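Colleague: One structure is given below, represented as structure tokens, and several questions about it will come after.
Protein chains in written order, with the numbering used here: chain A, 1 to 209; chain B, 1001 to 1146.
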């Protein structure tokens, strides 16, 4: 088992790693090039299922541990056979291990309800195709800024993921502090005792008596 | 052939492809993405587009010849075709795809068959023009190193 420190360092290289998902050969080639030109490392997947495999997330069983790629951003096409970008988005956002990864949806159709639906499920952004280089460059900039902010705030997301996977629970305490109060009180004492100190601190606010 | 003349011909043809609406903005992006590391990028993408289109055209033909016509499948294929033509900036082809999809959602078989002829025609015209254009671009590039 890797030490937590190693896990943290492996993700902190300057080059962003993007997982691009699209069933179209042409679009995959283009997005790959756009990302490479923007100094990113790219892994391209032709389907949602393939993307989940790369991440090390089994569609049925949930996280398979740290066998998967470390990615900083996922860009996925909306309209794909078998698993749409929307379904992929939901799977990622409902996974304790990967929900922190920003997901951007790309679609050739500018449908408001579709855009709203994706944003509601936690998509970072909804891009209308064909995607432009300026869109990609802006995303990279936002990604880097976001990463720097997280570092400053001391949010060790990797560490939390590692500990979550050890516990195999999806703890409500790992949601933002403002949401923690109502759900945190439902945690059993035995679970509380096994949680890392960071989470316990939030728990103390509601399990006061 | 004289290098300057070749370059001039390339520029003229390129301008007319855009002025006449065969090509659009995304094609310019492809050209801008071409660099020393990927000197044939545009040709590679265009070739991918031809392969993809051939497959989709065949699928659409097949679907149009089936009875009863599966309009959902047809729309799916055409959505893919429209997507890749839009990605390379094939403006006229993309527009004809849109017309087809309108007939498709109305489940108008005759309309689909008619507009598919238009799609294939525009695709054939674009392909011919692009082949000539890219061949000229290639010749001009070679003449520069001479």
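Glycine included, each C-beta is placed from N, C-alpha and C at the ideal position. Remember, it's a predicted structure, so these values are computed and weren't measured experimentally.
Does DSSP put residue 74/A in a helix, a strand or coil?
Modeller: In the first chain, residue 74/A corresponds to position 74, counting from 1. Three-state result, residue 74/A: strand.
Colleague: Going along chain B, which residues have a C-beta under 9 Å from residue 133/A?
Modeller: Residue mapping note: residue 133/A aligns to position 133 of the first chain, counting from 1. Per Cβ cutoff of 9 Å: 1029, 1032, 1033.
Colleague: Out of 142/A, 147/A, 143/A, 22/A, state which residue places its alpha-carbon closest to the alpha-carbon of residue 83/A.
Modeller: Along the first chain, one-based indexing puts residue 83/A at 83. Among 142/A, 147/A, 143/A, 22/A, the Cα nearest to that of residue 83/A is on 22/A.
Colleague: Beta-carbon within less than 7 Å of residue 1009/B's beta-carbon, same chain only, minus the 5 sequence neighbours each way: which residues are those?
Modeller: Within the second chain, residue 1009/B is the residue found at index 9, counting from 1. Within the same chain, residue 1009/B has close Cβ partners 1136.
Colleague: Name, in chain order, the residues that DSSP records as bridge partners for residue 1018/B.
Modeller: Here residue 1018/B corresponds to residue number 18 of the second chain, with the count starting at 1. None; residue 1018/B has no bridge partner.
Colleague: Which ranges would you report for the beta strand (DSSP E) in the region 76-124 of chain A if only whole runs of at least 3 residues count?
Modeller: 103-107
Colleague: Check whether the Cβ of residue 1026/B lies closer than 8 Å to any Cβ atom in chain A.
Modeller: Here residue 1026/B is taken as the residue at index 26 of the second chain, counted from 1. Output row for residue 1026/B: interface = yes.
Colleague: Mind checking if residue 1062/B is an interface residue toward chain A, Cβ cutoff 8 Å exclusive?
Modeller: Against the second chain, residue 1062/B aligns to sequence position 62. By the rule that beta-carbons nearer than 8 Å mark a contact, residue 1062/B does not touch chain A.
Colleague: Using a beta-carbon distance below 8 Å, is residue 1057/B in contact with chain A?
Modeller: Start at 1 with the first residue of the second chain, and residue 1057/B comes out as number 57. No, residue 1057/B lies away from the interface with chain A (no Cβ there is under 8 Å from its Cβ).
Colleague: Excluding five sequence neighbours on each side, which residues of the same chain lie with their C-beta closer than 7 Å to the C-beta of residue 110/A?
Modeller: The count along the first chain starts at 1 and reaches residue 110/A at position 110. Excluding positions up to five away in sequence, the list reads 128.
Colleague: Using DSSP with H/G/I as helix, E/B as strand and the rest coil, what is residue 19/A?
Modeller: Here residue 19/A refers to the residue found at position 19 when the first chain is read from its first residue. Residue state, collapsed to three classes: strand.
Colleague: Alpha carbon to alpha carbon, what distance is there between residue 102/A and residue 76/A?
Modeller: Your numbering for residue 76/A matches position 76 in the first chain. Your numbering for residue 102/A matches position 102 in the first chain. C-alpha separation (whole angstroms): 11 Å.
Colleague: Using 10 angstroms around the beta-carbon of residue 1053/B, count the other beta-carbons present and answer buried if the total reaches 16, otherwise exposed.
Modeller: Here residue 1053/B refers to the residue found at position 53 of the second chain. Counting the other CB atoms within 10 Å of its CB gives residue 1053/B a total of 16 or more, which places it among the buried residues.
Colleague: Spatial neighbours of residue 99/A within its chain, please: C-beta separation below 8 Å, excluding the five flanking residues on both sides.
Modeller: Residue mapping note: residue 99/A aligns to position 99 of the first chain, counting from 1. If we look at residue 99/A and ignore the five residues flanking it on each side, its Cβ neighbours are 92, 93, 122.
Colleague: Residue range of the alpha helix (DSSP H) that residue 42/A falls in?
Modeller: Here the question's residue 42/A lines up with position 42 in the first chain. Per DSSP, residue 42/A belongs to no alpha helix (DSSP H); it is in the beta strand (DSSP E), 41-45.
Colleague: Report back the beta-carbon spacing between residue 1048/B and residue 26/A to the nearest angstrom; my notes put them in contact at under 8 Å.
Modeller: Numbered from 1 along the second chain, position 48 holds the residue referred to as residue 1048/B. Numbered from 1 along the first chain, position 26 holds the residue referred to as residue 26/A. Their Cβ separation, rounded to whole angstroms, is 5 Å, which keeps residue 1048/B and residue 26/A in contact under 8 Å.
Colleague: Is there contact here, the region 1072-1079 of chain B with the region 1026-1040 of chain B, by at least three beta-carbon pairs under 8 Å?
Modeller: no
Colleague: Kindly indicate if chain B contains any beta-carbon less than 8 Å away from that of residue 79/A.
Modeller: Reading the first chain from its first residue, position 79 is the one you call residue 79/A. Yes - at least one Cβ of chain B is within 8 Å of the one on residue 79/A.
Colleague: Can you have a look at residue 1090/B and say buried or exposed, based on whether 16 or more other CB atoms are within 10 angstroms of its CB?
Modeller: Here residue 1090/B is taken as the residue at index 90 of the second chain, counted from 1. Result: buried.
Colleague: From the DSSP secondary-structure annotation, give me the bridge partner or partners of residue 1023/B.
Modeller: To locate residue 1023/B, count along the second chain from 1; it is residue 23. Partner(s): 1090/B.
Colleague: If you measure from the beta carbon of residue 1052/B to each beta carbon in chain D, is any gap under 8 Å?
Modeller: Looking at the structure shown, chain D is missing, and the protein chains on hand are A and B.
Colleague: Going by C-alpha distance, which of 1058/B, 1026/B, 1017/B, 1037/B is nearest residue 1120/B?
Modeller: Here residue 1120/B refers to the residue found at position 120 of the second chain. Of the candidates 1058/B, 1026/B, 1017/B, 1037/B, the residue whose Cα lies closest to the Cα of residue 1120/B is 1058/B.
Colleague: Any C-beta of chain A sitting closer than 8 Å to the C-beta of residue 1115/B?
Modeller: Along the second chain, read from residue 1 onward, the residue named residue 1115/B stands at position 115. With 8 Å as the cut-off, residue 1115/B does not count as an interface residue toward chain A.
Colleague: Given this structure, state the Cα-to-Cα distance separating residue 74/A from residue 126/A, to the nearest angstrom.
Modeller: Here the question's residue 74/A lines up with position 74 in the first chain. Here the question's residue 126/A lines up with position 126 in the first chain. Distance between the alpha carbons of residue 74/A and residue 126/A: 12 Å.
Colleague: Compile a chain-ordered list of the residues in the region 118-151 of chain A whose CB is closer than 9 Å to at least one CB of chain B.
Modeller: 129, 130, 131, 132, 133
Colleague: Tell me which same chain residues have a C-beta within less than 6 Å of the C-beta of residue 46/A, skipping the five on either side of it?
Modeller: Within the first chain, residue 46/A is the residue found at index 46, counting from 1. Around residue 46/A: 23.
Colleague: Spatial neighbours of residue 28/A within its chain, please: CB distance less than 6 Å, with the 5 preceding and 5 following residues excluded, ordered by chain position.
Modeller: Locating residue 28/A in the first chain gives position 28, where the first residue counts as 1. Hits under 6 Å: 22, 44.
Colleague: Give the residues of chain A in contact with residue 1080/B, contact being defined as C-beta atoms less than 9 Å apart.
Modeller: The residue labelled residue 1080/B in the question sits at position 80 within the second chain. Within 9 Å Cβ-Cβ: 23, 24, 79.
Colleague: Kindly give me the distance between the Cβ atoms of residue 54/A and residue 19/A, rounded to whole angstroms, as I take these residues to be in contact under 8 Å.
Modeller: Translated into positions along the first chain, residue 54/A becomes position 54. Translated into positions along the first chain, residue 19/A becomes position 19. The pair is a contact, with the Cβ atoms about 6 Å apart (cut-off 8 Å).
Colleague: Can you find a C-beta in chain A that's less than 8 Å from the C-beta of residue 1083/B?
Modeller: Here the question's residue 1083/B lines up with position 83 in the second chain. Closer than 8 Å to some Cβ of chain A, the Cβ of residue 1083/B qualifies, so yes.
Colleague: Which residues in chain A have a C-beta closer than 7 Å to the C-beta of residue 1105/B? List them in chain order.
Modeller: Residue 1105/B sits at position 105 when you count from the first residue of the second chain. Per Cβ cutoff of 7 Å: no residues; residue 1105/B is ~13 Å from chain A at best.
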